[in-house]
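Asker: If you scroll down you'll find the structure; I have some questions about it.
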Amino acid sequence: MTFDPLRCAEATCQAAVVLGVTLLPAAWRALDGDLAAVLAAMFVVVAAGIYALHALTYDSFRLTGRNFRSRRP
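Throughout the sequence shown, residue numbering follows the working numbering, covering 87 to 159 in sequence.
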């Protein structure tokens, strides 16, 4: 499996949306250096997880020859 920059950009944007909507409003008033470091680490973990999930599902479908509309078991 090779690194896909478009998949990485998609995962980064999705991680930013998830953290921006859920955590940033709650943590904005208490934002300091330590909390910013925790949020940055969470951003990296979430982005890597999304990238891995997309790679696993899309590459699995590509390697097995199955697609969304396939009726084969």
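Yeah, the Cβ is synthetic: ideal placement off N, Cα and C, and Gly gets one too.
DSSP three-state call for T150: helix, strand or coil?
Answerer: Residue 150 sits at position 64 when you count from the first residue of the sequence shown. Reduced to three states, the DSSP call for T150 is helix.
Asker: For V104, which option in D145, L125, A116 has the closest C-alpha, if you only look at C-alpha atoms?
Answerer: Residue 104 sits at position 18 when you count from the first residue of the sequence shown. Ranking D145, L125, A116 by Cα distance to V104 puts L125 first.
Asker: Given a cut-off of 9 Å, decide if A141 and V90 are closer than it, judged by their beta-carbon atoms.
Answerer: Here residue 90 refers to the residue found at position 4 of the sequence shown. Here residue 141 refers to the residue found at position 55 of the sequence shown. Before going further, note that residue 90 is Asp rather than Val in the sequence given. Against a cut-off of 9 Å, the Cβ pair of A141 and D90 comes out as a contact.
Asker: What would DSSP say about R115, mapped onto helix, strand or coil?
Answerer: Position 29 of the sequence shown, counted from the first residue, corresponds to residue 115. Correct three-state label for R115: coil.
Asker: By the 10 Å Cβ neighbour count, where 16 or more other Cβ atoms means buried, how is Y54 classified, buried or exposed?
Answerer: Residue coverage of the chain in this structure runs from 87 to 159, which leaves residue 54 outside it and unanswerable.
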